[in-house]
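J.: Sequence order for the protein chains is G and B.
Each residue of the first sequence is one higher than the last, beginning at 1 in the working numbering.
Each residue of the second sequence is one higher than the last, beginning at 463 in the working numbering.
Before I ask anything, let me first share the structure, which is written out below as structure tokens.
Protein chains: 2
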Amino acid sequence: MNTHARLPDALADALAGRFGERFSTNPAICTHHGQDESSLPAPPPDGVVFAQSTEEVSATVALCRAHRVPVIAFGTGTSLEGQLHAVRGGICVDLAGMNRVLAIRPEDLDATVEAGVTRKQLNSALHGSGLFFPIDPGADASLGGMAATRASGTNAVRYGTMRESVLAMTVVLPDARIIHTGSRAKKSAAGYDLTRLFVGSEGTLGITTELTVRLHPLPEAIGSAFCAFPSIAAAVDTVIQTIQLGLPVARIELLDSLSVQAINRHSKTSLRDTPTLFFELHGSPASVAEQTEVLQGIAAEHGGMDFEWANQPEDRSRLWQARHDAYYACLGLMPGARSITTDVCVPISRLADCIAATLADLEQTGLTAPLLGHVGDGNFHMLLLVHPDDAAMTERAYDFAKRLAERAIAMDGTCTGEHGIGRGKRRYMALEHGEGALDVMRIIKHAIDPENLMNPGKILPD
Amino acid sequence: MNTHARLPDALADALAGRFGERFSTNPAICTHHGQDESSLPAPPPDGVVFAQSTEEVSATVALCRAHRVPVIAFGTGTSLEGQLHAVRGGICVDLAGMNRVLAIRPEDLDATVEAGVTRKQLNSALHGSGLFFPIDPGADASLGGMAATRASGTNAVRYGTMRESVLAMTVVLPDARIIHTGSRAKKSAAGYDLTRLFVGSEGTLGITTELTVRLHPLPEAIGSAFCAFPSIAAAVDTVIQTIQLGLPVARIELLDSLSVQAINRHSKTSLRDTPTLFFELHGSPASVAEQTEVLQGIAAEHGGMDFEWANQPEDRSRLWQARHDAYYACLGLMPGARSITTDVCVPISRLADCIAATLADLEQTGLTAPLLGHVGDGNFHMLLLVHPDDAAMTERAYDFAKRLAERAIAMDGTCTGEHGIGRGKRRYMALEHGEGALDVMRIIKHAIDPENLMNPGKILPD
């Protein structure tokens, strides 16, 4: 049965005995569970457990630990930095079956879900409650995975990231113990903030099996708009002024001209072929109208053109669908290409400089790489399009991504705003955090997972 | 020179050599530095270093470590749970001299300060920038101390707590190394969230010497109001509905009838002698007017009486001054009394029940204890007034506080929303977090501070 040299027979037998058909070493299943949306070579796990409860996750961890075999959690497989690659083999715990919404509490604006619940599934469950869950990475990721990578998305400028959204967690520790972090109190000063420690730890300190997250009231009115700008600097200045005025925009997205071209082609839109901002405003009808007017004034001051509102739900959906399809639209720019997707985040005062230097660098490389981002937070993404078989091009792209990460860090920013470190960005950890802070992370990892069995080879450089 | 048995002469000599007159073992100075605003007996440190730089803090920690002597940071001495008591003696590092505002960056809405800068000092420095720092615990605390206790205050319902406010820190570790956590990026997915780990760690993992905090645009318009209610339940229901509607209130404060009486007497106000809510709304003039109307409607539905607005700055200041003076006003209810001040935080759906059960319990005890709180967050305080020499009364008060903490925890809340654990609430840590999570905290503490020299005897039960 066990075709994997690294998987001890005794462990395979024990997992098969415990989980029956919900344990598999089928190569296709293992390969699928070793892949995410990164472009790194993907080593598969040696087996997959399809868990249905916290206790089953704990049992899996206990068995793996007894055999010194790594454990890697899997949600929807949509991570971007190789977070779920089985670099040392081991057992993948697929949490997709843990997809129950356990409680929705409208009075408290919170919900408790199993880790496999996806953001869209939660929002479906919230239908009719008057509430929504705002965090929206591109993919329909699982909430457990989103917590693990400290995900965010287009709404973060108004509603925060997973860091601000998770109130409490159930976590299976490396020693298989089940703990609960946080509480449903909106704030607490009771000891070390374990919730925030596990958020963003990418499965390296334990596996999150349940989460309680904050919800928000659906806005009474929503206004959406897009506006073309003569330059990226003009667009960024518009964003800076908007935020300095305290305008509570829900979304401010930047697309560079290349992304706009890609979207026009893919989504049959006819946006002007220059840097463009997409906005969304939430509030009462009167406050949205008022914000609209202020925003339009700011945009005009900075040369904004074609300011267009989409206040009807269907127009708005079309607009944001185009934005959310940008990834696929951009892939269409180079048939047969794949994307090396990277993101950085800088203080907003440095954003225009960072983008300008990055685009100048890009031009030198000859690569095709649309840029788009959650600019209200100073966060932008680049999709580095490469032909999969062109090793030289791929290397140029990784070199470019390296310079981009270093540039963001030099500007007092971070090498990743929302994708996480995974395998791909470990090499920037010392530069970003310094050896001292990195050493504290290592100390914590070693203290909680002394045998390095929880998702080894991620976050911390070897 | 060294009159303290626990302070090794060699250490005293080394500190005197290094800091000259900025090192003191004067008993009055030591006593002052061992006291906070808690009511617990306060053991003084054996010496005090008045530090002026991160390097001096590091040097102090290095010397103390060499002699296995504890180190305790001191800001303004306004903690409420004995956070700075020298329970095992040691050296207090007074950071009040580290009071430089290092940078204010209006474009990025952030500022970097030394840890001794107080919240009022920062807001003075922000004068004219159009920005403010919203976190306002009652005391004019230092930002380092506020970060250490994960402080918040009246604005937290809108602007968050120190957890959400701190972007980056400089920390002196127990081994005297200086590290930097976080960056000025508004969000990051780059590794373990050390910033959030140090926020709320009460000096037990290291000493914060500098912080970068988020700022917010001063609202264009501010509306303040108060409204009396027939019952606490009616007031709380008003709050719940306000928040469910997504009204972005900046402050919602509850005072019970006893607090209102105290305030009327102390601040010469003439509020109706029933549970009262104080509100503050921030926004554009139009949006404040609109929110006002909605709020007034909600309050009326719940029997709100005497809804009064204070839109003039002087009326508003008077109103909020009365609220901020509530502590002293309440002390005036029982001449010669001191207050055992406690706070809890529960999910807002449980708030009315929690308060009702607490007031029923209070009645049984015969204690005098006004109740007030940041009810938008489900957070309330009680000032348990006791005669300092009445040991039986003091014991009754601590027993009552214990039941209150246990009640909040049983309601999926926390034993402290904003005061921290210190010495006073260590006994609730296992009940609130469970042995498993508490053990993870112990593992982290031991890994980072293996000799338990950083503020020993705090947060973690012995």
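The beta-carbon is built from N, C-alpha and C at its ideal position, and this holds for glycine as well.
1) Can you tell me whether B:A504 is helix, strand or coil according to DSSP?
2) With a threshold of 16 other CB atoms inside 10 Å of the CB of G:A66, please say whether the residue is buried or exposed.
3) In the DSSP assignment, find the unbroken beta strand (DSSP E) run with G:C330 in it and report its ends.
4) Could you tell me whether the Cβ atoms of G:L384 and G:A408 are closer together than 8 Å?
5) Does the separation of the CB atoms of G:I104 and G:L126 fall below 8 Å?
6) What number of angstroms, rounded off, separates the C-alpha of B:A712 from the C-alpha of B:N617?
7) Would you say G:N155 reaches chain B, if we count a Cβ-Cβ gap shorter than 8 Å as a contact?
8) Measuring alpha carbon to alpha carbon, tell me which residue in G:L372, G:A111 and G:S339 is nearest G:D390.
9) Quick one, which residues of the region 791-811 of chain B are near chain G if we go by CB-CB under 7 Å, in chain order?
10) For a cutoff of 8 Å on Cβ pairs, would you count B:D924 as touching chain G?
11) What are the boundary residues of the beta strand (DSSP E) that B:T632 is part of?
12) Could you list which residues in chain G have their beta carbon closer than 8 Å to that of B:I883, in chain order?
13) Where DSSP assigns a beta bridge to B:G651, which residues make up the other side?
14) Output yes if chain G places a C-beta closer than 8 Å to the C-beta of B:L903; else output no.
15) Using 10 angstroms around the beta-carbon of B:Q826, count the other beta-carbons present and answer buried if the total reaches 16, otherwise exposed.
16) Could you tell me which of B:A513, B:A854, B:P505 and B:D598 sits nearest to B:A478, measuring between CA atoms?
17) Taking C-beta pairs closer than 8 Å, name the residues in chain G that B:V661 reaches, listed in chain order.
18) The ligand SAH and G:K445: does the residue's C-beta get closer than 7 Å to at least one heavy atom of that ligand?
19) Please confirm whether G:N379 has its beta-carbon closer than 8 Å to some beta-carbon of chain B.
20) What residues from the region 282-295 of chain G come within 7 Å of chain B, judged by C-beta to C-beta, listed N to C?
21) Is G:R427 buried or exposed, if buried means 16 or more other CB atoms sit within 10 Å of its CB?
22) What does B:P832 reach in chain G if we use C-beta pairs closer than 7 Å?
23) Three-state secondary structure (DSSP) at B:R530?
24) Which chain B residues sit within Cβ distance under 7 Å of G:G434?
25) Ignore the nearest five residues each way along the sequence and tell me which others in B:G592's own chain have a CB closer than 8 Å to its CB.
26) What is the residue span of the beta strand (DSSP E) that B:G644 lies within?
27) Taking C-beta pairs closer than 7 Å, name the residues in chain B that G:D108 reaches, listed in chain order.
28) Could you tell me the boundaries of the alpha helix (DSSP H) in which B:G766 lies?
29) Counting only the same chain and skipping the five closest in sequence on each side, list residues whose C-beta sits under 6 Å from that of B:C554.
30) Please work out which residues of its chain come closer than 6 Å, Cβ to Cβ, to G:T416, disregarding the five sequence neighbours upstream and downstream, and give them in chain order.
31) So G:T414 contacts chain B; which residues on that side make the cut at Cβ distance below 7 Å?
32) Can you name the start and end residues of the beta strand (DSSP E) that G:M146 belongs to?
33) Closest to G:I179 by CA distance: which of G:D449, G:A405, G:T54 and G:T394 is it?
34) Determine whether the beta carbon atoms of G:H374 and G:D325 lie at a separation below 8 Å.
35) Closest Cβ-Cβ distance between G:Q244 and chain B: below 8 Å?
36) Can you name the residues of chain B whose CB is closer than 8 Å to the CB of G:E164?
T.: Taking the coordinates as given:
1) Translated into the one-based positions of the second sequence, residue 504 of chain B becomes position 42. Under the three-state reduction of DSSP, B:A504 is assigned to coil, being neither helix nor strand.
2) Start at 1 with the first residue of the first sequence, and residue 66 of chain G comes out as number 66. Looking at its Cβ environment, which holds fewer than 16 other Cβ atoms inside 10 Å, G:A66 is exposed.
3) Here residue 330 of chain G refers to the residue found at position 330 when the first sequence is read from its first residue. Note, G:C330: premise wrong, no beta strand (DSSP E); alpha helix (DSSP H) at A326 to L331.
4) As a first step, residue 384 of chain G must be located in the first sequence, where it is residue number 384. As a first step, residue 408 of chain G must be located in the first sequence, where it is residue number 408. Contact flag unset, no.
5) Working through the first sequence from its first residue, we reach residue 104 of chain G at position 104. Working through the first sequence from its first residue, we reach residue 126 of chain G at position 126. The Cβ-Cβ distance between G:I104 and G:L126 falls below 8 Å.
6) Taking the first residue of the second sequence as 1, we reach residue 712 of chain B at position 250. Taking the first residue of the second sequence as 1, we reach residue 617 of chain B at position 155. Approximately 6 Å, taken between the alpha carbons.
7) By one-based count along the first sequence, residue 155 of chain G stands at place 155. Answer no: the Cβ-Cβ gap between G:N155 and chain B never drops below 8 Å.
8) For this step, residue 390 of chain G is matched to residue 390 along the first sequence. For the residues G:L372, G:A111 and G:S339, the minimum Cα distance to G:D390 belongs to G:S339.
9) Flagged, chain order: C807, V808, P809, I810 and S811.
10) The count along the second sequence starts at 1 and reaches residue 924 of chain B at position 462. Output row for B:D924: interface = no.
11) Within the second sequence, the letter at position 170 stands for residue 632 of chain B. Residues V628 to V634.
12) Reading the second sequence from its first residue, position 421 is the one you call residue 883 of chain B. The answer, in chain order, is A189, A190 and G191.
13) Residue 651 of chain B sits at position 189 when you count from the first residue of the second sequence. Note on residue identity: the sequence assigns Ala, not Gly, to residue 651 of chain B. Its beta-bridge partners do not exist; DSSP assigns none.
14) For the purposes of this step, residue 903 of chain B is taken as the residue at position 441 of the second sequence. Sequence check: residue 903 of chain B is Met here, not Leu. Flagged as an interface residue toward chain G: B:M903, by a C-beta distance shorter than 8 Å.
15) As a position in the second sequence, residue 826 of chain B is number 364, starting the count at 1. If you draw a 10 Å sphere on the C-beta of B:Q826, you find fewer than 16 other C-beta atoms in it, and that means exposed.
16) For the purposes of this step, residue 478 of chain B is taken as residue 16 along the second sequence, with counting starting at 1. Ranking the options by Cα distance to B:A478, first place goes to B:A513.
17) Your numbering for residue 661 of chain B matches position 199 in the second sequence. Near B:V661 (Cβ distances below 8 Å), the residues of chain G are D193.
18) Within the structure as shown, the ligand SAH is missing, as the structure has no ligands at all.
19) For this step, residue 379 of chain G is matched to residue 379 along the first sequence. At a cut-off of 8 Å between C-beta atoms, G:N379 counts as an interface residue with respect to chain B.
20) Listed by position, the residues of the region 282-295 of chain G near chain B (Cβ gap below 7 Å) are S284, A286, S287 and E290.
21) Here residue 427 of chain G refers to the residue found at position 427 of the first sequence. With fewer than 16 other Cβ atoms inside 10 Å of its own Cβ, G:R427 counts as exposed.
22) Position 370 of the second sequence holds residue 832 of chain B. Going along chain G, no residue has its Cβ under 7 Å from B:P832, so there is no contact; the nearest lies around 21 Å.
23) Within the second sequence, numbered from 1, the residue matching residue 530 of chain B stands at position 68. B:R530 falls in the coil class under three-state DSSP.
24) As a position in the first sequence, residue 434 of chain G is number 434, starting the count at 1. Result: I641 and H642.
25) Here the question's residue 592 of chain B lines up with position 130 in the second sequence. P568, P679 and L680, listed in sequence order.
26) The residue labelled residue 644 of chain B in the question sits at position 182 within the second sequence. From DSSP, the beta strand (DSSP E) with B:G644 extends over I640 to G644.
27) By 1-based counting over the first sequence, the position of residue 108 of chain G is 108. Near G:D108 (Cβ distances below 7 Å), the residues of chain B are P809, I810 and S811.
28) Locating residue 766 of chain B in the second sequence gives position 304, counting from the first residue. No alpha helix (DSSP H) contains B:G766, which DSSP labels as neither H nor E.
29) Here residue 554 of chain B refers to the residue found at position 92 of the second sequence. Same-chain partners within the cutoff: H495, P507, V510, I534 and F536.
30) Within the first sequence, the letter at position 416 stands for residue 416 of chain G. Correct list, in chain order: D343 and K425.
31) Walking along the first sequence from the start, residue 414 of chain G turns up at place 414. The answer, in chain order, is S645, A647, S650 and A652.
32) The residue labelled residue 146 of chain G in the question sits at position 146 within the first sequence. Run containing G:M146: none in the beta strand (DSSP E); it sits in the alpha helix (DSSP H), L143 to A148.
33) For the purposes of this step, residue 179 of chain G is taken as residue 179 along the first sequence, with counting starting at 1. Measuring from the Cα of G:I179, the nearest candidate turns out to be G:T54.
34) Translated into positions along the first sequence, residue 374 of chain G becomes position 374. Translated into positions along the first sequence, residue 325 of chain G becomes position 325. Cβ atoms of G:H374 and G:D325: not closer than 8 Å.
35) Stepping through the first sequence from its first residue, residue 244 of chain G is reached at position 244. Chain B, which has a Cβ nearer than 8 Å to the Cβ of G:Q244, makes this yes.
36) Along the first sequence, one-based indexing puts residue 164 of chain G at 164. What G:E164 touches in chain B, judged by beta-carbon distance under 8 Å, is G622 and E626, going in chain order.
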